[in-house]
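Structure first, commentary second.
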Amino acid sequence: MFESLQAARADAILGLIAEHRNDSRPDKIDLGVGVYRTSEGVTPVLDVVKKAEQILIDTQVSKSYIGTAGAADFNAAMQALVFGDDAPDERLTTIQSPGGSGSLRVAASLILRAAPDVTVWASEPTWANHIPLLGGAGLKLKSYPYYDTDKHVIRIDEMLATLRSLPAGDVVLLHACCHNPSGLDPSIDEWAAITEVVVERGLVPFIDMAYQGFAKDLDADAHAVRYMAARVPEMIVSSSCSKNFGLYRDRVGTLTILSGDSEAREIVDSQVNNVVRTIYSVPPDHGAAVVSLIIRDSGLRGDWLIELATMRGRLQKMRGLLSDALEEQAPGHDFSHLRRAVGMFCFLGVSAEQVAKLKQDYGVYMTDSSRINVAGITRDNVSYLAEAIAATLPAA
Ligand SMILES: Cc1ncc(COP(=O)(O)O)c(C=O)c1O
Numbered sequence: 048m049f050e051s052l053q054a055a056r057a058d059a060i061l062g063l064i065a066e067h068r069n070d071s072r073p074d075k076i077d078l079g080v081g082v083y084r085t086s087e088g089v090t091p092v093l094d095v096v097k098k099a100e101q102i103l104i105d106t107q108v109s110k111s112y113i114g115t116a117g118a119a120d121f122n123a124a125m126q127a128l129v130f131g132d133d134a135p136d137e138r139l140t141t142i143q144s145p146g147g148s149g150s151l152r153v154a155a156s157l158i159l160r161a162a163p164d165v166t167v168w169a170s171e172p173t174w175a176n177h178i179p180l181l182g183g184a185g186l187k188l189k190s191y192p193y194y195d196t197d198k199h200v201i202r203i204d205e206m207l208a209t210l211r212s213l214p215a216g217d218v219v220l221l222h223a224c225c226h227n228p229s230g231l232d233p234s235i236d237e238w239a240a241i242t243e244v245v246v247e248r249g250l251v252p253f254i255d256m257a258y259q260g261f262a263k264d265l266d267a268d269a270h271a272v273r274y275m276a277a278r279v280p281e282m283i284v285s286s287s288c289s290k291n292f293g294l295y296r297d298r299v300g301t302l303t304i305l306s307g308d309s310e311a312r313e314i315v316d317s318q319v320n321n322v323v324r325t326i327y328s329v330p331p332d333h334g335a336a337v338v339s340l341i342i343r344d345s346g347l348r349g350d351w352l353i354e355l356a357t358m359r360g361r362l363q364k365m366r367g368l369l370s371d372a373l374e375e376q377a378p379g380h381d382f383s384h385l386r387r388a389v390g391m392f393c394f395l396g397v398s399a400e401q402v403a404k405l406k407q408d409y410g411v412y413m414t415d416s417s418r419i420n421v422a423g424i425t426r427d428n429v430s431y432l433a434e435a436i437a438a439t440l441p442a443a
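All residue numbers for the sequence shown refer to our numbering, where the first residue is 48 and numbers rise by one.
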């Protein structure tokens with residue numbers, strides 16, 4: 048049977064990680080990989096996670112299955128974290144999911160059950176796995192303009208014009224904050240304009256929030272979710288705890304569906320749980336139990352907020368340092384867009400040829416699109432990095 052298979056296309060980022068690992072140059076720099084790292088190059092287990100894990104070890108009495116929806120205390124805590132105090136609870140269903148990816152996958156099946164012919168519109172560009180993941184589940188996908196690669200701004204007018212042309216019921220996939228890969232998020236006014244079109248056209252927002260707390264703070268980063276939840280009849284929100292709790296491999300996230308009313312919510316709730324049963328049956332528990340302890344205990348929550356602010360601050364600082372170093376090393380070239388970005392990613396804004404040269408001549412690794420993860424920058428490597436980038440630029 049398996050003889051009929053062709054090898055799957057290699058994952059570009061995984062290939063880049065392997066190339067970087069095999070590079071023996073001591074000053075090599077990895078700006079490709081999609082995880083947070085400290086100045087020592089480590090993706091740490093947060094101290095608060097260690098504390099919560101110890102509590103779990105001491106108090107957990109069973110490893111029996113949890114239900115398809117996961118743990119009720121975790122779901123309630125996450126719903127409050129994402130939707131805030133004014134959440135329209137009676138219309139919300141939240142389930143625990145295996146990471147943000149698991150949540151997206153369950154959402155895809157739910158959309159297909161509810162409206163098999165709709166198109167899901169994703170930003171151009173978007174997270175590299177959005178299209179394979181949602182398309183692989185069977186959804187039809189198209190894209191709306193988002194990032195202007197020359198001017199390094201959001202193509203808001205073109206985005207709105209595309210949304211205005213969509214048929215009612217189509218789904219619009221949006222990044223709540225820290226847009227991956229561009230690092231550029233709509234302003235408060237732009238979110239209002241997007242919401243207005245969504246309501247006017249009867250579109251369904253599908254918000255992916257993989258970086259809550261990585262741009263400004265937990266509440267500000269949830270603005271789009273909360274603003275839309277107060278104005279649209281239906282919405283899908285996928286949330287990941289991989290980055291903000293550093294729980295990547297433990298697979299923690301939630302899927303929340305906002306239904307038109309409490310009756311519709313009951314039906315959606317039964318369907319979403321049924322979808323889970325047919326895919327992975329029940330979610331993993333450990334990471335979610337850790338997150339639940341942290342969010343619900345004021346002491347642990349305070350500790351978490353400090354560690355979250357440290358991660359966010361480091362990303363901002365490194366982005367600023369690179370921008371300063373480039374101003375010095377590459378006069379006449381404009382890299383001011385780096386400072387406008389938030390979160391882990393942004394585009395450096397160089398060509399694929401320059402990306403190849405950076406890798407070959409300097410051991411600096413990033414994706415062909417020149418998306419960089421600023422967590423790969425340190426005080427020690429930033430001068431070398433700016434020099435390498437400057438050396439690959441055309442004369443100003
Ligand atoms: C925009 C976006 N959505 C979803 C995910 C998936 O996150 P998880 O690792 O929790 O599946 C990522 C991870 O990089 C992401 O960047």
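Think of the CB as a built atom: it goes at the ideal place given N, C-alpha and C, for glycine as much as any other residue.
Going by C-alpha to C-alpha distance, which of the options sits closest to residue i?
i      : options                        : result
SER170 : ARG418, ILE201, GLY147, GLY62  : ILE201
GLY346 : VAL80, ASN69, VAL95, LEU52     : VAL95
LEU188 : VAL165, PHE394, SER287         : VAL165
VAL251 : VAL279, ILE102, ALA155         : VAL279
ASP133 : ASP204, THR425, GLY410, VAL272 : VAL272
MET391 : ARG248, ASN420, TYR412         : ASN420
THR301 : PRO441, ASP264, VAL129         : VAL129
MET365 : GLN401, THR425, GLY349         : THR425
THR85  : ALA57, LEU362, ARG387          : LEU362
ALA403 : ILE142, ALA438, SER383         : ALA438
ASP58  : GLU87, PRO163, PRO179, ALA162  : PRO179
GLU281 : PRO135, SER51, GLN101          : PRO135
ARG160 : PRO441, ILE235, ASP197, ASN320 : ASN320
PRO172 : PHE394, LEU440, GLN401         : PHE394
SER285 : ARG348, SER144, GLU87, ARG387  : SER144
Quick one, are the C-beta atoms of residue i and residue j less than 8 Å apart?
i      : j      : result
TRP168 : SER190 : yes
ALA443 : GLY396 : no
LEU139 : THR242 : no
LEU369 : LEU385 : yes
PRO192 : THR209 : yes
LEU220 : PHE261 : no
ARG359 : GLU137 : no
ALA269 : VAL299 : no
SER148 : ASN176 : yes
TYR295 : TRP238 : no
VAL322 : LEU157 : yes
ALA435 : ASP415 : no
GLY410 : ASP70  : yes
GLU354 : LEU103 : no
HIS67  : GLY79  : yes
ALA154 : ARG343 : no
ARG248 : ALA215 : yes
Using 10 angstroms around the beta-carbon of residue i, count the other beta-carbons present and answer buried if the total reaches 16, otherwise exposed.
i      : result
ILE76  : buried
LYS462 : This structure does not reach residue 462, given that the chain is present from 48 up to 443, and the question cannot be answered.
ASP266 : exposed
GLN107 : exposed
GLN126 : buried
TYR112 : exposed
ASP297 : buried
PHE49  : exposed
ARG56  : exposed
ASP217 : buried
PRO233 : buried
GLN101 : exposed
THR141 : buried
GLN53  : exposed
ARG418 : buried
Please indicate yes or no: does the CB of residue i lie closer than 7 Å to some heavy atom of ligand 1?
i      : result
HIS333 : no
TRP238 : no
GLY146 : yes
ASN420 : no
HIS222 : yes
ASN227 : yes
ALA155 : no
ALA119 : no
SER190 : no
ASP255 : yes
SER416 : no
SER287 : yes
TRP351 : no
TYR295 : yes
TRP168 : no
GLY88  : no
GLY300 : yes
GLY35  : As shown, the chain starts at 48 and ends at 443. That puts residue 35 outside it, with no answer to give.
How do the stretch 314-333 and the stretch 102-122 stand: do at least 3 beta-carbon pairs fall below 8 Å, yes or no? yes
Please determine if the stretch 250-261 and the stretch 283-301 are in contact, where contact requires at least 3 C-beta pairs separated by less than 8 Å. yes
For the structure I just gave you, are there three or more beta carbon pairs, one from the stretch 333-342 and one from the stretch 305-325, closer than 8 Å? no
State whether the stretch 419-437 contacts the stretch 364-381, with contact taken as three or more CB pairs (one from each stretch) at a distance under 8 Å. yes
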